[in-house]
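Enquirer:
There are 2 protein chains.
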Amino acid sequence: MSKDNGTMRRIPETSIRRLPAYLRALFRVGADRITSDTLGQAAGYSSEQVRKDLAYFGAFGTRGVGYDVVMLRDEIRRILRLDQGVRAVVVGAGRLGTALVRYTDESARDVTIAAVVDVNPSVVGTRMGQLTVEAMDHLEQIVAERNIGMGVITVPAQAAMAVCERLVGAGVRAILNFAPATLTVADPTVVIQQIDLTLEMQALAYFAHSAERVGQ
Amino acid sequence: MSKDNGTMRRIPETSIRRLPAYLRALFRVGADRITSDTLGQAAGYSSEQVRKDLAYFGAFGTRGVGYDVVMLRDEIRRILRLDQGVRAVVVGAGRLGTALVRYTDESARDVTIAAVVDVNPSVVGTRMGQLTVEAMDHLEQIVAERNIGMGVITVPAQAAMAVCERLVGAGVRAILNFAPATLTVADPTVVIQQIDLTLEMQALAYFAHSAERVGQ
DNA sequence: ATCTGTGAACGCATTCACAGCT
DNA sequence: AGCTGTGAATGCGTTCACAGAT
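Going down the list, the sequences are from chains C and Z.
Quick note: the first sequence, position 33, residue 33 per the working numbering, numbers continuous.
For the working numbering, count along the second sequence from 1 and bump the result up by 1000.
#1: In the DSSP assignment, the beta strand (DSSP E) including L176 (chain C) goes from what residue to what residue?
#2: Would you give the residue range spanned by the alpha helix (DSSP H) that E134 (chain C) belongs to?
#3: Are the C-beta of P1180 (chain Z) and some C-beta of chain C separated by less than 9 Å?
#4: Would you mind giving the Cβ-Cβ distance between A1108 (chain Z) and T198 (chain C), rounded to the nearest angstrom? I have them listed as a contact below 8 Å.
#5: Assuming G1097 (chain Z) is part of the alpha helix (DSSP H), what are its boundary residues?
#6: For V111 (chain C), which of helix, strand or coil comes out of DSSP?
#7: Leaving aside the five residues before and after F27 (chain C) along the sequence, list all residues of the same chain whose C-beta is less than 6 Å from its C-beta, in chain order.
#8: Can you name the residues of chain C whose CB is closer than 8 Å to the CB of Y1206 (chain Z)?
#9: How about R1127 (chain Z): is its C-beta nearer than 9 Å to some C-beta of chain C?
#10: Is there a Cβ from chain C that is less than 9 Å from the Cβ of V1086 (chain Z)?
#11: Output needed for R1102 (chain Z): all residues of its chain with C-beta closer than 7 Å, excluding positions within five of it in sequence on either side, in chain order.
#12: What ranges does the alpha helix (DSSP H) occupy inside the region 1016-1091 of chain Z, keeping only unbroken runs of at least 4 residues that lie completely in it?
#13: May I have the straight-line CA-CA distance separating Q1216 (chain Z) from H1138 (chain Z), to the nearest angstrom?
#14: Just the Cα atoms here: how many angstroms apart are L1082 (chain Z) and M1071 (chain Z)?
#15: Kindly indicate which residue of C:V91, C:V116, C:I79, C:L96 has the alpha-carbon position closest to the one of D110 (chain C).
#16: Rounded to whole angstroms, what's the CA-CA distance from A1181 (chain Z) to T1062 (chain Z)? Just pull it up for me.
#17: Can you give the Cα-Cα distance for G151 (chain C) and V119 (chain C), rounded to whole angstroms?
#18: How many angstroms separate the CA atom of D1068 (chain Z) from the CA atom of R1017 (chain Z)?
#19: Closer than 8 Å between beta carbons: that is the criterion. Which residues of the region 88-115 of chain C meet it against chain Z?
#20: Got a sec, what are the start and stop residues for the beta strand (DSSP E) I1148 (chain Z) sits in?
#21: For V133 (chain C), which option in C:Q193, C:G92, C:I153, C:Q84 has the closest C-alpha, if you only look at C-alpha atoms?
#22: In angstroms with no decimal places, state the Cα-to-Cα distance between L1096 (chain Z) and V1090 (chain Z).
#23: Span of the beta strand (DSSP E) holding V1191 (chain Z)?
#24: Pick helix, strand or coil for R10 (chain C), following the three-state DSSP scheme.
#25: Output, in chain order, the set of chain C residues within a Cβ distance shorter than 8 Å of R1073 (chain Z).
#26: Could you tell me which chain Z residues have their CB closer than 9 Å to the CB of T38 (chain C), listed as they occur along the chain?
#27: If you pair each beta-carbon of the region 1155-1162 of chain Z with each one of the region 157-168 of chain C, do three or more pairs fall below 8 Å?
#28: When DSSP labels each residue in this structure, what does V1168 (chain Z) get in the three-state scheme?
#29: Alpha carbon to alpha carbon, how far is V1029 (chain Z) from I1076 (chain Z)?
#30: Use the C-beta contact count for Q1202 (chain Z): other C-beta atoms within 10 angstroms, 16 or more gives buried, fewer gives exposed.
#31: Using a Cβ-Cβ cut-off of 8 Å (strictly less than) and excluding sequence neighbours within five positions of R1033 (chain Z), which residues of its own chain qualify?
#32: Measuring CA to CA, which of C:I142, C:D196, C:S15, C:T104 is closest to L1176 (chain Z)?
#33: Using beta-carbon positions only, say whether E1145 (chain Z) and Q193 (chain C) come within less than 9 Å of one another.
#34: Quick check: what's the CA-CA separation for L54 (chain C) versus V190 (chain C)?
#35: Can you give the Cα-Cα distance for L100 (chain C) and P20 (chain C), rounded to whole angstroms?
#36: Which same chain residues end up closer than 8 Å to V86 (chain C) when comparing Cβ atoms and leaving out the 5 residues on each side of it in sequence?
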């Protein structure tokens, strides 16, 4: 019904997921031109993959030459909507939450952590870099007033689902969940990404033991 | 050349990656029998997917009935080689490293963090739960003596590659990398898994803005 | 001569649909 | 009757191979 536009072919989710890796590589390269081969190598993908991914969004390169680094960087930022800036709230000022707030990377400066909240009154008011931990009670207000589109959940598993629901209710469009719980959301336009550290480690255990396996 | 065994059909990597999610669900379920449908719902996958994944390793269920929870749990632990226990070293006692060391989850108890090391002399000797932060100098010795098969990298990007090489040299079989850098290893039997927080957030930014997209 | 952009071929994973047990 | 186990069909993403541009 609300199909985007007729000229647009379907873009694989996997392609989108690789764009940030290209973006980072482009920030670290020390030249003003780059080929799909070099870019791929820096990001860990094949040159065909790079070209195909970029071609979904337009013809950014010059045949026989390659891509202009600054121009491509801006294109990818635009594609990912990073040029408008993305504001996130971290829910849970524990160790992981704190680690995230302190995290900095040049290629990631477009994603701003605009607030940190916690239920525990004893940590509310604590200074964390530029931010001060705020009360969980004010979550909805914070999200609305500061134009926050993304929530990052770093609370214990039991509390995760409730936090998720409040974030969605507050109007957040995307959620990054570090709690070891499978979250579901009724609204299909809200995107959830799980990052599950123990699950990753357990899968690794298998691959580590099978000598035949080749790491990606 | 060293093909495992003739009766074994190829197992998709994606299937392996789902097993830990099933395992967690099995630890949290409050019954002694479960159907593929219920298990799938708890883990966030379809019932066919559950059955197919499990069937790669054997016929663990009973037709018309379902799966025995305890039995299936043990089977998955065996498949992932978690029953033998997996020992990991965390390199980098910063905020993220600390968060990981303190992390606990019942379904993940088979993965033990056996040591934490750091280059900074001022944090060496610091107590972290059961562990004491040790000197980076002793890395090789620690890996060898404590039978450690997995390394977790939580150091800054610039230091990550060197740490990676030392871990591989020390004999680690698997590496979980949180540093924002693309690591590569010559030895194809060593598995590397990247978890890149800023890359994930940037990809989310895209999905959050496109209302058509459906989260997985 | 070189490197991009892209249809076509291929391979892999998910979903379907149903036969086979209990 | 109910739920597993599994070939077959489908769908999706990657790789191939080359035409097209500079």
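Just so it is clear, CB atoms sit at the ideal spot from N, CA and C, and this is done for glycine as well.
Expert: Based on what the coordinates show:
#1: Run containing L176 (chain C): 174-177, per the beta strand (DSSP E) assignment.
#2: First-last for E134 (chain C): 131-135, but that is the beta strand (DSSP E), not the alpha helix (DSSP H).
#3: Closer than 9 Å to some Cβ of chain C, the Cβ of P1180 (chain Z) qualifies, so yes.
#4: So it is a contact: roughly 4 Å between Cβ atoms.
#5: In this chain, the alpha helix (DSSP H) harbouring G1097 (chain Z) covers 1095-1102.
#6: Here V111 (chain C) sits in strand by DSSP.
#7: Exclusion of the five residues before and after F27 (chain C) leaves E106, S107 as the residues of its chain whose Cβ lies within less than 6 Å of its Cβ.
#8: Correct list: I16, L19, I79, L80, R81.
#9: With its beta carbon at least 9 Å from every one in chain C, R1127 (chain Z) lies outside the interface.
#10: At a cut-off of 9 Å, the C-beta of V1086 (chain Z) has a neighbouring C-beta in chain C.
#11: Only G1129 meet the Cβ criterion.
#12: 1036-1043, 1047-1055, 1069-1079, all fully within the region 1016-1091 of chain Z.
#13: In this prediction, Q1216 (chain Z) scores a pLDDT of 35, lower than 50, which makes its location untrustworthy; the coordinate-derived value is nonetheless stated afterwards. Spanning the two alpha carbons is a distance of roughly 43 Å.
#14: Whole-angstrom Cα-Cα distance: 14 Å.
#15: Answer by Cα proximity: C:I79.
#16: So the two alpha carbons sit approximately 46 Å from each other.
#17: So the two alpha carbons sit approximately 15 Å from each other.
#18: In a straight line, the C-alpha of D1068 (chain Z) is about 21 Å away from that of R1017 (chain Z).
#19: Of all residues in the region 88-115 of chain C, the ones placed with a Cβ closer than 8 Å to any Cβ belonging to chain Z are A88, G94, R95, L96, T98, A99, L100, R102, Y103, D105, S107, A108, D110, V111, in chain order.
#20: In the DSSP assignment, I1148 (chain Z) falls outside any beta strand (DSSP E) and carries neither an H nor an E.
#21: Minimum Cα-Cα distance from V133 (chain C) among the listed residues C:Q193, C:G92, C:I153, C:Q84 corresponds to C:G92.
#22: Distance between the alpha carbons of L1096 (chain Z) and V1090 (chain Z) is about 10 Å.
#23: 1191-1194 is the extent of the beta strand (DSSP E) around V1191 (chain Z).
#24: Here R10 (chain C) sits in coil by DSSP.
#25: By Cβ distance, chain C contributes nothing, its closest Cβ being about 13 Å from R1073 (chain Z), past 8 Å.
#26: The contacting residues do not exist; T38 (chain C) stays about 13 Å from chain Z at best.
#27: Too few Cβ pairs lie closer than 8 Å, so no.
#28: V1168 (chain Z): helix per DSSP, three-state reduction.
#29: C-alpha separation (whole angstroms): 15 Å.
#30: Under this definition Q1202 (chain Z) is a buried residue.
#31: Excluding sequence positions up to five before and after R1033 (chain Z), its CB lies within less than 8 Å of the CB of V1065, G1066, Y1067, D1068, V1069, all in the same chain and listed in chain order.
#32: Closest by alpha carbon: C:D196.
#33: Going by C-beta atoms, E1145 (chain Z) is not nearer than 9 Å to Q193 (chain C).
#34: Rounded to whole angstroms, L54 (chain C) to V190 (chain C) spans 25 Å at the Cα level.
#35: L100 (chain C) and P20 (chain C): Cα-Cα distance of roughly 18 Å.
#36: Hits under 8 Å: D110, V111, T112, G149, M150.
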